[in-house]
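Engineer: Below: one structure in structure tokens.
In the numbering used here, the protein residues as written are 1 to 325.
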């Protein structure tokens, strides 16, 4: 049986629980939060007063913080790329099986879509952002797409999404923490509710992987090893501004996040360690020789990465983003 056929059989097996996954890890639309819940309501007579208060609380946010918040927003708004990628994964069939894995992809996308909407509106009202420059970067990011090294393989894609949802949880959780320290309680709530969504989504994708390990441990282990050897790239790794080469702006965005402690190399390592623990990698049975070697590599990887991280210096180069007025 070809690799794609093996993957397809496993996806059909795990996908029998799609309804459970949707009910367990996503919230009902009618009772879920919406961006308007956290922003001034334009129907109210005191709307302009509320906007003025929002602008007052935003005016003293540090430059790097605004840059990171914009980068996070653009990342969230590139959602069309992520949905189109996942809908093409082996085992996802939106035509013949619209209520199978395609149902999950649509429902997950619908929840994620609120994040970019909320952050975008906050930034627009804040008066701190050159919205046209930011919108141009968003359009570039969607047009450029991304290459995350997964192909159409569901195993590699679910490793990526498990890792990435944890990374975005950390990023939004830390922006919430910093907003609170800066005295911006409304923004702290905004980042906090987004972080909570990301954690639920991470639990979902980690659960998918756990089920795959039960029925196809060696191939799942090899896929995990392959993704970690390639390194998990961020979904906005092609981020750019007008007149800037593809990916160049992302490095400056990443540097700002490291300086703030929003998302660092050590966070990357801690996510890796948490996945090893959650998936019980050390104790997985019935591996072939290649799977055993892959496990050995994975178990040793965090220590290797820490040694590299200790020698890595965070650039302190000031960069002027076109996004910030």
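Glycine included, every Cβ here is placed at the ideal spot set by N, Cα and C.
Count the other CB atoms within 10 Å of the CB of residue 165; is the residue buried (16 or more) or exposed (fewer)?
Structural biologist: By the neighbour-count rule (16 or more Cβ atoms within 10 Å), residue 165 is buried.
Engineer: Which word fits residue 205, buried or exposed, when buried means at least 16 other C-beta atoms lie within 10 angstroms of its C-beta?
Structural biologist: buried
Engineer: Residues in the same chain with beta-carbon distance under 8 Å from residue 305, minus the five sequence neighbours each way, listed in chain order, please.
Structural biologist: Taking residue 305 as the centre and dropping the five residues before and after it, the same chain places the C-beta of 265, 268, 269 and 272 closer than 8 Å to its C-beta, in chain order.
Engineer: Pick out the complete beta strand (DSSP E) segments inside the region 233 to 315, 3 residues or longer, and give them in chain order.
Structural biologist: The region 233 to 315 contains no whole beta strand (DSSP E) run of 3 or more residues.
Engineer: Could you check what DSSP says for residue 18 in three-state terms: helix, strand or coil?
Structural biologist: helix
Engineer: Taking 8 Å as the limit between beta carbons, can you name the residues of its chain near residue 111, skipping five residues before and five after?
Structural biologist: 26, 27, 32, 197 and 201
Engineer: Are three or more beta carbon pairs between the region 281 to 292 and the region 252 to 262 nearer than 8 Å?
Structural biologist: no
Engineer: If you reduce the DSSP assignment to three classes, tell me which class residue 159 lands in.
Structural biologist: Residue state, collapsed to three classes: helix.
Engineer: If you scan the region 9 to 77 from start to end, which runs of the beta strand (DSSP E) of 3 or more residues do you find wholly inside it?
Structural biologist: none
Engineer: Count the CB pairs spanning the region 12 to 25 and the region 203 to 219 that are closer than 8 Å, and state whether there are at least three.
Structural biologist: yes
Engineer: So what's residue 215 in DSSP terms, helix, strand or just coil?
Structural biologist: helix
Engineer: Which of helix, strand or coil does DSSP assign to residue 90?
Structural biologist: coil
Engineer: In chain order, what residues of the same chain lie with their CB nearer than 6 Å to the CB of residue 89, ignoring the 5 residues before and after it?
Structural biologist: Excluding sequence neighbours, residue 89 sits near 152, 154 and 157.
Engineer: Kindly list the residues whose CB is nearer than 6 Å to the CB of residue 322, restricted to its own chain and excluding five residues on each side of it in sequence; keep chain order.
Structural biologist: 133 and 241
Engineer: Would a C-beta distance cut-off of 9 Å place residue 160 and residue 149 closer than the cut-off?
Structural biologist: yes
Engineer: Taking the beta carbon of residue 1 as the centre, do at least 16 other beta carbons fall within 10 Å, making it buried, or is it exposed?
Structural biologist: Any reading at residue 1 is ruled out, since the residue's pLDDT is 42, under 50, leaving its predicted position unreliable.
Engineer: Can you tell me the Cα-Cα spacing of residue 98 and residue 180, whole angstroms?
Structural biologist: 42 Å
Engineer: Buried or exposed: residue 131, going by 16 or more other Cβ atoms within 10 Å of its Cβ?
Structural biologist: exposed
Engineer: Restricting to Cα atoms, I'd like to know which of 45, 174, 67 and 113 is closest to residue 34.
Structural biologist: It is 113.
Engineer: Within this structure, are the beta carbons of residue 162 and residue 58 separated by less than 9 Å?
Structural biologist: No.
Engineer: Report the start-end ranges of each alpha helix (DSSP H) in the region 114 to 165 that is 4 residues or longer and not cut off at the edges.
Structural biologist: Counting whole runs of 4 or more residues, the region 114 to 165 contains the alpha helix (DSSP H) stretches 131 to 144.
Engineer: For residue 78 and residue 142, which I take to be in contact (beta-carbon distance under 8 Å), what is that distance rounded to the nearest angstrom?
Structural biologist: 5 Å
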